[in-house]
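Here is the structure we will look at.
In this note's numbering, the protein residues as written are 13 to 430.
Here it is in structure tokens:
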């Protein structure tokens with residue numbers, strides 16, 4: 013998670029049973045490369061010891077006692093001014109109320125007032141407390157000031173009751189942290205569409221023609237775009253993956269559904285990254301009923317599936333200037349300035365990818381050899397070559413799909429800036 017690397021994050025922990033999750037969150041953020049300072053309220057210390065956080069972060073955990081130390085008059089200022097992000101997880105109704113009304117009676121709330129960077133709150137409270145009008149008014153006040161909220165979630169509470177108020181799990185909170193930190197990235201203010209997964213072309217109500225795409229690279233691209241500040245629409249075929257926090261998810265099973273979804277999303281998009289493995293062929297006829305073995309082996313006639321990138325290329329228009337220098341009216345995907353395709357090949361990698369780059373009028377194509385056991389489908393790593401319209405080739409070494417995604421999004425940002 014390069015977006016977390018060397019980021020200075022303050023983790024505030026308040027008096028909730030969910031404080032035990034905060035230790036896991038602190039550990040995960042530290043492992044991701046963040047420099048983490050933890051502030052525990054007096055209530056938090058009743059649930060988890062400062063030593064727990066010092067052990068997982070390798071840094072001092074601040075408590076209420078530090079507020080009255082020799083450097084108390086500058087401690088909160090130093091923390092609040094130096095940090096890239098303040099995260100309060102769990103955050104009780106009491107602390108939300110204090111922040112909304114500007115109360116500063118402990119080290120955490122004083123630091124929140126002194127904070128110059130973004131603040132992210134992960135509420136945690138029993139059933140009914142979050143929905144109480146007083147809490148909702150306080151939450152609305154903080155949202156109006158730009159405070160980000162992660163959750164709460166719905167589920168079973170420590171009291172045995174079930175409802176809204178659970179603190180989100182650490183992995184999901186980290187997604188919100190990444191989104192908050194990426195707000196000012198290179199793609200801030202841009203709309204990016206990413207497609208992912210392998211389409212499924214129905215044969216009958218039960219069976220489909222599919223491929224081996226896991227969707228990992230596409231989901232990594234969506235996360236990288238969010239990390240860079242983009243407003244992301246993820247058009248996804250069926251996968252077993254959890255979408256990145258902040259992505260607008262549009263589900264599309266077949267190539268036809270994905271074509272419709274991509275075109276709709278691209279109408280107001282700046283960039284399209286087409287990482288989905290879209291079927292080239294589909295059954296010409298779909299049986300209304302499940303095909304039965306007793307009826308013999310069916311003869312399935314295939315037809316060409318929709319070519320999404322070719323359709324996008326046909327509708328893509330760059331605004332033309334009239335003789336007076338004014339932008340002329342056009343049609344199609346006028347806003348779409350960057351289109352990136354993928355070529356998963358089992359032979360003649362560069363030749364096939366180059367042909368696709370040219371025929372689909374792409375700004376960049378990412379070619380990967382799916383015959384390799386450590387790259388391509390169903391693995392965490394990829395080895396790709398980037399090809400450009402001016403015949404440049406940029407081979408990349410074996411790396412994680414997350415790292416590949418970050419490089420591609422840097423290229424997308426450069427295309428939009430130029």
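Even glycine gets a Cβ: it sits at the ideal position worked out from N, Cα and C.
It is roughly 22 Å from the alpha-carbon of residue 324 to the alpha-carbon of residue 380. The Cβ-Cβ distance between residue 410 and residue 396 does not fall below 7 Å. Secondary structure of residue 289 (DSSP, three-state): strand. The beta carbon of residue 70 lies closer than 8 Å to those of 42 in the same chain, with the five residues before and after it left out. Its Cα nearest to that of residue 327, the residue 279 stands out among 279, 308 and 354.
When beta bridges are read from the DSSP output, residue 381 appears opposite 357. For the 7 Å CB-CB criterion, residue 137 and residue 177 form a contact. Residue 387 and residue 357 have their C-alpha atoms some 11 Å from each other. By the criterion of a C-beta distance shorter than 6 Å, residue 39 is surrounded in its chain by 68, once the five residues flanking it on both sides are discounted. Using a C-beta cut-off of 8 Å, the region 223-241 makes contact with the region 279-292, since at least three inter-stretch Cβ pairs fall below that distance. Assignment of residue 309 by DSSP, reduced to helix, strand and coil, places it in the coil class. Around the beta carbon of residue 173, fewer than 16 other beta carbons sit within 10 angstroms, so the residue counts as exposed. For residue 155, the enclosing alpha helix (DSSP H) starts and ends at 145-156.
Pairing residue 245 with residue 277 gives a Cβ-Cβ distance under 7 Å. Just measuring C-alpha positions, the residue of 374, 385, 402 and 185 sitting nearest residue 97 is 185. Fewer than three beta-carbon pairs drawn from the region 46-63 and the region 124-140 are found closer than 8 Å, and the two stretches are therefore not classed as touching. A direct Cα-Cα distance of roughly 29 Å separates residue 429 from residue 364. Residue ranges of uninterrupted alpha helix (DSSP H) with 4 or more members, entirely inside the region 57-120 and ordered along the chain, are 62-69, 84-94 and 105-112. Here the alpha carbons of residue 378 and residue 32 stand approximately 43 Å from one another. By the CB criterion at 7 Å, residue 194 and residue 239 fall inside the cutoff.
Between the alpha carbons of residue 119 and residue 135 lies a distance of about 19 Å.
Per the Cβ contact rule, the region 417-428 is not in contact with the region 260-267 (fewer than 3 Cβ pairs under 8 Å). Annotation for residue 412: 392 and 393 place their beta carbon closer than 7 Å to its own, counting only its chain and skipping 5 residues before and after. A direct Cα-Cα distance of roughly 50 Å separates residue 187 from residue 307.
Judged by their CB atoms, residue 104 and residue 28 are nearer to each other than the 7 Å cut-off. Taking the Cα of residue 36 as reference, the smallest distance to any Cα among 415, 64, 382 and 211 is reached at 64.
Annotation: the continuous alpha helix (DSSP H) that includes residue 183 extends over 182-193. The Cβ neighbour count for residue 110, taken over all protein chains shown within 10 Å, is at least 16; the residue is labelled buried. Under the three-state reduction of DSSP output, residue 236 falls in the helix class. Looking from the CA of residue 106, the closest CA among 140, 270, 80 and 147 belongs to 147.
Counting only runs of 4 or more residues that sit fully inside the region 196-241, the alpha helix (DSSP H) segments are 228-239, in chain order.
The residues 207, 208, 209, 227, 230, 231, 255, 261, 262, 263, 264 and 288, in chain order, have a CB closer than 8 Å to that of residue 248 in the same chain once the five nearest residues on each side in sequence are set aside.
By the beta-carbon neighbour count (other beta carbons within 10 angstroms, threshold 16), residue 367 is exposed. Around the C-beta of residue 74, 16 or more other C-beta atoms lie within 10 Å, and the residue is accordingly described as buried. Counting C-beta atoms within 10 angstroms of its own C-beta, residue 295 has 16 or more neighbours from the protein chains shown and is therefore classed as buried. Membership of residue 273 in the alpha helix (DSSP H) is indicated by the continuous run 267-278.
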